[in-house]
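Below you'll find the structure, written out as structure tokens, and then a few comments.
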Amino acid sequence: MAFRLTPHERGFYPLFTRAAENIAVAADELAKLVATDPAGRHTLAARVKEAELAGDEVTHEIMVKINTTFVTPFDREDIYRLASALDDVLDAIEEAADRIVLYRLGTLPDGIGAQVEVLQRAAAATAEAMPRLEKMAELQEYWIQVNSLENEADDIYRTLLGDLLAPPEGAPPADVLTVLKTKEVVETLEEAADAFETVANTVESIAVKEA
Amino acid sequence: MAFRLTPHERGFYPLFTRAAENIAVAADELAKLVATDPAGRHTLAARVKEAELAGDEVTHEIMVKINTTFVTPFDREDIYRLASALDDVLDAIEEAADRIVLYRLGTLPDGIGAQVEVLQRAAAATAEAMPRLEKMAELQEYWIQVNSLENEADDIYRTLLGDLLAPPEGAPPADVLTVLKTKEVVETLEEAADAFETVANTVESIAVKEA
Amino acid sequence: MAFRLTPHERGFYPLFTRAAENIAVAADELAKLVATDPAGRHTLAARVKEAELAGDEVTHEIMVKINTTFVTPFDREDIYRLASALDDVLDAIEEAADRIVLYRLGTLPDGIGAQVEVLQRAAAATAEAMPRLEKMAELQEYWIQVNSLENEADDIYRTLLGDLLAPPEGAPPADVLTVLKTKEVVETLEEAADAFETVANTVESIAVKEA
Chain C
109 MAFRLTPHER GFYPLFTRAA ENIAVAADEL AKLVATDPAG RHTLAARVKE
159 AELAGDEVTH EIMVKINTTF VTPFDREDIY RLASALDDVL DAIEEAADRI
209 VLYRLGTLPD GIGAQVEVLQ RAAAATAEAM PRLEKMAELQ EYWIQVNSLE
259 NEADDIYRTL LGDLLAPPEG APPADVLTVL KTKEVVETLE EAADAFETVA
309 NTVESIAVKE A
Chain A
109 MAFRLTPHER GFYPLFTRAA ENIAVAADEL AKLVATDPAG RHTLAARVKE
159 AELAGDEVTH EIMVKINTTF VTPFDREDIY RLASALDDVL DAIEEAADRI
209 VLYRLGTLPD GIGAQVEVLQ RAAAATAEAM PRLEKMAELQ EYWIQVNSLE
259 NEADDIYRTL LGDLLAPPEG APPADVLTVL KTKEVVETLE EAADAFETVA
309 NTVESIAVKE A
Chain H
109 MAFRLTPHER GFYPLFTRAA ENIAVAADEL AKLVATDPAG RHTLAARVKE
159 AELAGDEVTH EIMVKINTTF VTPFDREDIY RLASALDDVL DAIEEAADRI
209 VLYRLGTLPD GIGAQVEVLQ RAAAATAEAM PRLEKMAELQ EYWIQVNSLE
259 NEADDIYRTL LGDLLAPPEG APPADVLTVL KTKEVVETLE EAADAFETVA
309 NTVESIAVKE A
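One line per chain: the protein sequences are C, A and H, in this order. Heads up, the first sequence is in my numbering, so the first residue is 109 and it goes up one at a time. Heads up, the second sequence is in my numbering, so the first residue is 109 and it goes up one at a time. Heads up, the third sequence is in my numbering, so the first residue is 109 and it goes up one at a time.
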């Protein structure tokens, strides 16, 4: 990043870091939720919801700062896009937790645990990358990592969908309503994985401009 | 908004107002449709379709004007985004009406009436706000109102999904095909509510820039 | 397009043409896939997948070129949007082929063949239009054609959905899991048709700016 004569507002970086750390918290609570018995899910879903509300606060702080800061560290529009992309990740994680409870799902297929585990790793990678935004340093390994996690998530997602909708011969007949509900949770988790990729792509496009 | 030396084209404002008023007409016809017997729905769906075609006309007029106007009242891209966002609202309303008829749905759950009622209020708020775009006046209460309506819509949507997919104990067993069809209508109405919020967010971002 | 003093990089045009020709290949293989017996689908899905990977290569080449080219023939952001829109078409075509195989679907409804046939025509129109981007010539007939194909696709899609979810009286009772799987393929094909329209709209917006 070029040397700048105008010292610009650095307060955005800690906010992005806070947003990503908060996503990591939500992903960890979701992991506990999908590993626990249906009876224990309510409390954990409430914690995911708390994280989502904390995230909304951070997003709001970023938006206010965009409109009240004279010199932003990078384009206002890019700040807006990055904040929105982080917000989308959190929304998808919260929606997945909410749906599992709302639909009173019983035992979940193992693949859902695997999906969430990938989300946890993507969240950790994102939380580690955000503080490096300020120096635009070592961001490439972050993109590569998130893109590779997204491929991993895709494979799990695809297998889950196949097992759900075209169960192997000899498997017990599926209850269609359960298929429908499980499919929606699986798709929401895939959205979260895609949303992490959007965050990484947004960071990449900012880094390219600022290079 | 700063004083401008170049008198710019004011013809955009009436077009946005017309677009929003037309959405209000479509929402009102949809409200009649969901309150009536299946036999009477066809005629009302045709009126929603008429409103959609009228809306396409307005969108087209705006697009032509963007390309033929030298000085626009705000960024061309913002005009384009606002026109598209209004168009998306109307598309979702028309799609919901179309699906109810196409799927030959019988009696609809009460929650659908509640969803449409929120859409009517969002449409009225939007139609009232559009003429204020010119002076960028009193737009904040409009955003707050639409955002609060969106939260209301979310709650209704969430309860509807829960009742559909995880009916309370003792409820008669659901016909899965009916669940599937109803779910699609419910989701399309939720898209319409989200689309109203996108309109409000677009107006907000324009107001912030022009402030 | 105005005369330019700075000779700019022309290498983007052949890349867009290659992307569109590759989409045409994928659409043709998909047409064979939906016309063949379930047993023969695997090989054809693999060919669609190959085309998708070839497309990813082209997209990557365009993205690298955006970042390494000093003077681009039109806005970097527009190049990015056009490349992404072409990529979205290919993704939807590949997803449809993949789902048909993954879900082990049996005989497909005729409407699916009709959907794919429209996609083939849209692909051919797009492949013919791309080389004309350089001179911004005769692009209007391309937009009109793609928009009219999109309307055709919409009608087929709507009838298919109606037949699937509200089968005519006297039709044999539907297997809901098959309905669910078929519906997803039908929707993915509709996404491909919409994605062609987005490509055409992107080209239109570029042409308007450069005019």
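Even for Gly, the Cβ is constructed at its ideal location relative to N, Cα and C.
L268 of chain C, buried or exposed, once every other Cβ within 10 Å from all chains shown has been counted against 16: When all chains shown are included, L268 of chain C counts as buried.
task: With DSSP collapsed to three states, give me the class of A261 of chain C.
output: DSSP places A261 of chain C in helix when its eight states are reduced to three.
message: Taking the straight line between their C-alpha atoms, what separation do you get for A237 of chain A and T306 of chain A?
response: Taking the straight line joining both Cα atoms gives about 14 Å.
message: Strictly below 7 Å CB to CB, what residues from chain H border L273 of chain C?
response: Result: Y211, L285, L288, K289.
message: Mapping the DSSP letters down to three states, classify Y250 of chain C as helix, strand or coil.
response: Helix, per DSSP.
- request: Would you mind telling me which residues of chain C sit closer than 9 Å to T307 of chain A, beta carbon to beta carbon, in chain order?
  value: A quick correction: the sequence has Val, not Thr, at residue 307 of chain A. Those do not exist, as V307 of chain A stays about 16 Å from chain C at its closest Cβ, beyond 9 Å.
- prompt: Can you tell which of C:A147, C:L190, C:L194, C:D186 has the C-alpha that lies nearest to the C-alpha of G163 of chain C?
  reply: Among C:A147, C:L190, C:L194, C:D186, the Cα nearest to that of G163 of chain C belongs to C:L194.
- request: Taking 8 Å as the cut-off, decide whether the C-beta atoms of L190 of chain A and V311 of chain A are in contact.
  value: Yes, Cβ-Cβ distance for L190 of chain A and V311 of chain A is below 8 Å.
field: CB contact below 8 Å: V316 of chain A versus chain C
entry: Interface annotation, V316 of chain A: in contact with chain C, CB-CB separation under 8 Å.
task: Could you tell me whether any Cβ in chain C is nearer than 8 Å to the Cβ of A282 of chain A?
output: At a cut-off of 8 Å, the C-beta of A282 of chain A has a neighbouring C-beta in chain C.
- prompt: Nearest chain C C-beta to L241 of chain A closer than 8 Å, yes or no?
  reply: Closer than 8 Å: no.
field: Distance between I252 of chain C and I314 of chain C (C-alpha atoms, nearest Å)
entry: Roughly 16 Å separates the two Cα atoms.
- prompt: Helix, strand or coil for T177 of chain A per DSSP?
  reply: Looking at T177 of chain A - three-state DSSP - the assignment turns out to be coil, as it is neither helix nor strand.
Helix, strand or coil at F182 of chain H according to DSSP, with G and I counted as helix: In the three-state scheme derived from DSSP, where H, G and I count as helix and E and B as strand, F182 of chain H is classed as coil.
field: Touch test, the stretch 199-212 of chain H against the stretch 260-274 of chain C, Cβ-Cβ under 8 Å, three pairs minimum
entry: Yes, since at least three Cβ pairs between the stretch 199-212 of chain H and the stretch 260-274 of chain C fall closer than 8 Å, the two stretches touch.
- prompt: Mind pulling the alpha helix (DSSP H) runs of 4 or more residues that sit fully within the stretch 161-241 of chain H?
  reply: Look at the stretch 161-241 of chain H and you find these whole runs of alpha helix (DSSP H), each 4 residues long or longer: 184-210, 218-237.
- prompt: Where are the alpha helix (DSSP H) runs, 4 residues long or more, that stay fully inside the stretch 265-315 of chain C, in chain order?
  reply: Annotation: the stretch 265-315 of chain C contains no complete segment of the alpha helix (DSSP H) (minimum length 4 residues).
query: Hey, is N175 of chain A's beta-carbon within less than 8 Å of any beta-carbon in chain H?
result: Yes, N175 of chain A lies at the interface with chain H (some Cβ there is under 8 Å from its Cβ).
- request: Please list the segments of the alpha helix (DSSP H) lying wholly inside the stretch 119-154 of chain A, counting only runs of 4 or more residues, in order along the chain.
  value: As far as the stretch 119-154 of chain A is concerned, its whole alpha helix (DSSP H) runs of at least 4 residues are 120-143.
message: Closest to L135 of chain A by C-alpha separation, out of A:D145, A:P239, A:E158, A:T215, would be which residue?
response: Per the sequence presented here, residue 135 of chain A reads as Ala, with Leu not at that position. Checked all of A:D145, A:P239, A:E158, A:T215; the closest Cα to A135 of chain A is A:E158.
query: Checking contacts by CB at 8 Å: is L51 of chain A closer than that to chain C?
result: Since the first residue of chain A shown is 109 and the last is 319, residue 51 of chain A is not available in this structure.
task: May I ask you to report which of helix, strand or coil DSSP gives K243 of chain A?
output: Under the three-state reduction of DSSP output, K243 of chain A falls in the coil class, being neither helix nor strand.
message: Give me the chain H residues within the contact set of R189 of chain C, using Cβ-Cβ distance strictly less than 9 Å, ordered along the chain.
response: Within 9 Å of the CB of R189 of chain C, no CB atom of chain H is found; the nearest one sits about 12 Å away.
Proximity to A200 of chain H [Cα-Cα], best of H:L227, H:D145, H:E258: Considering only alpha carbons, the answer is H:L227.
task: Run down chain A in chain order and give the residues with a C-beta less than 8 Å from the C-beta of T266 of chain H.
output: First, the amino acid is wrong: residue 266 of chain H is Arg here, not Thr. Here the neighbours are D206, L210.
message: Tell me the rounded alpha-carbon separation between Y121 of chain A and E185 of chain H.
response: Roughly 28 Å separates the two Cα atoms.
Through-space distance from R126 of chain A to E165 of chain A, alpha-carbon basis: Here the C-alpha atom of E165 of chain A lies approximately 10 Å from the C-alpha atom of R126 of chain A.
- prompt: Roughly how many angstroms separate the alpha carbons of V254 of chain H and V179 of chain C, rounded to a whole number?
  reply: Using only the alpha carbons, I get a separation of about 44 Å.
field: Neighbourhood of Y188 of chain C by C-beta, 7 Å cutoff - its chain only, sequence neighbours within 5 removed
entry: I174, listed in sequence order.
query: When the Cα atoms are used, what is the spatial distance from T296 of chain A to T144 of chain A?
result: If you take the alpha carbons of T296 of chain A and T144 of chain A, they lie about 19 Å apart.
- request: Please state if the CB of A300 of chain H and the CB of V197 of chain H are separated by a distance shorter than 8 Å.
  value: A contact, by the Cβ cut-off of 8 Å.
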